[in-house]
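Just so we're aligned: 235 in UniProt numbering is position 235 of the sequence shown, and the numbers increase by one with no gaps anywhere.
Quick notes on the structure that follows.
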Amino acid sequence: MSENKNLKSQIPNLKSENWFASWFDTPYYHILYKERNYREAQIFMDNLTHYLNLPEKAKVLDLACGKGRHAIYLNQLGFDVIGADLSENSIAIASKNSNDTLHFQVHDMRLPFDDKFDAIFNLFTSFGYFENDDDNLKTLIAMKESLSEYGFGVIDFMNVNQVIANLIPEEVKTVDGIDFHIKRYYIDDHIYKEIDFKDNGNDFHFVEKVRALTLQDFAELMEQAGIYLLEVFGDYKLKKFHKTDSERLILFFK
Numbered sequence: 001m002s003e004n005k006n007l008k009s010q011i012p013n014l015k016s017e018n019w020f021a022s023w024f025d026t027p028y029y030h031i032l033y034k035e036r037n038y039r040e041a042q043i044f045m046d047n048l049t050h051y052l053n054l055p056e057k058a059k060v061l062d063l064a065c066g067k068g069r070h071a072i073y074l075n076q077l078g079f080d081v082i083g084a085d086l087s088e089n090s091i092a093i094a095s096k097n098s099n100d101t102l103h104f105q106v107h108d109m110r111l112p113f114d115d116k117f118d119a120i121f122n123l124f125t126s127f128g129y130f131e132n133d134d135d136n137l138k139t140l141i142a143m144k145e146s147l148s149e150y151g152f153g154v155i156d157f158m159n160v161n162q163v164i165a166n167l168i169p170e171e172v173k174t175v176d177g178i179d180f181h182i183k184r185y186y187i188d189d190h191i192y193k194e195i196d197f198k199d200n201g202n203d204f205h206f207v208e209k210v211r212a213l214t215l216q217d218f219a220e221l222m223e224q225a226g227i228y229l230l231e232v233f234g235d236y237k238l239k240k241f242h243k244t245d246s247e248r249l250i251l252f253f254k
């Protein structure tokens, strides 16, 4: 019997215009991306917290935390961490790691928190998903309102120039016996990823859609939000950002 036999019953039946509200809440999302580099993520967290010189037991928000891989490691570094995500399933999984200084909650990133944080991290291209571009501005304003007076925000986004130039149009990725047929394309200022697969006789189709925000786009949004862009880096080792070559667009602001 396939270990994925009962996965279809876990797919939420959401009538939502937001693709991420359903796709991120499925077990298949976590299957497809299960091989992400955890050590790379930890090195990034080490570099981030060292660069920001965060005080011991600083209050940190991991915004759009998924199953909490960054939040858990940040807590291991000694910080008081809240992980927040729209996906109830992801938060349920992450919450198994909760302790006195690590908590998880379901939260819409467009809304500010009652708490104030010394640092807010939005990591691994967890921005630009909304159908309405105004929601990107709302998210930045919510982040600003959730920061303490001396707090820092960090957005780790893809470098869209590099991604579009190196887009792989089609590939098949096999994980846990499932063949994920993936198509990628760029249209109308968005990068799309179509994901089709079959499991236990059932056909599935999901689409990831992310606004292709450039450094200039972020700079304009941050100016509107009243945020001060302090520094820009191009990879997880915090090397200088290069428009055409850098893998990431990492923005530090307050």
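All C-beta atoms, glycine included, are put in the ideal place defined by N, C-alpha and C.
Note that this is a predicted model, so its numbers are computed, not measured.
Rounded to the nearest angstrom, the gap between the Cα atoms of Leu-63 and Asn-132 is 19 Å. Under the DSSP assignment, Met-158 falls outside any alpha helix (DSSP H), being part of the beta strand (DSSP E) whose first and last residues are 147 to 158. With at least 16 other beta carbons inside 10 angstroms of its own, Arg-69 counts as buried.
Here Val-81 has Val-60, Ala-71, Leu-74, Asn-75 and Leu-102 as same chain residues with Cβ atoms under 6 Å from its own Cβ, once five neighbours each way along the sequence are excluded. Burial is judged here by how many other beta carbons sit within 10 angstroms of a residue's own beta carbon; Gly-83 has at least 16 and is buried.
Ranking Phe-117, Ile-43 and Gly-66 by CA distance to the CA of Ile-93 puts Gly-66 first. When C-beta atoms of the segment 207 to 214 are compared with those of the segment 227 to 234, fewer than three pairs fall below 8 Å, so the two segments do not count as touching. Take Ser-146, set aside five residues on each side of it, and the residues of its chain with a beta-carbon closer than 8 Å to its own are Leu-61, Pro-112, Phe-113, Asp-115, Lys-116, Phe-117 and Ile-120, in chain order.
Exposure of Ala-165 is indicated by the presence of fewer than 16 other C-beta atoms within 10 angstroms of its C-beta. Bounds of the beta strand (DSSP E) holding Arg-184 are 178 to 187.
Taking all protein chains in view, the Cβ of Thr-125 is crowded by 16 or more other Cβ atoms within 10 Å, so the residue is classified as buried. No Cβ-Cβ contact shorter than 8 Å links Ile-195 with Arg-184. Looking at Ile-141, Phe-130 and Asp-25, the one whose alpha-carbon comes closest to that of Glu-223 is Ile-141. Distance from the CA of Lys-240 to the CA of Gly-234, rounded to the nearest whole angstrom, comes to 5 Å. With respect to the 8 Å criterion, Val-154 and Ile-250 are classified as neighbours on the basis of their beta carbons. Around the beta carbon of Lys-34, fewer than 16 other beta carbons sit within 10 angstroms, so the residue counts as exposed. By the neighbour-count criterion, in which 16 or more other beta carbons inside 10 Å mark a residue as buried, Glu-170 falls on the exposed side. Between Leu-86 and Val-106 the beta-carbon gap is near 7 Å, inside 8 Å, which marks them as a contact.
Residue pairing by DSSP puts Thr-174 in a beta bridge opposite Asp-179. Annotated as proximal: Phe-252 and Phe-152, with beta-carbon spacing under 8 Å.
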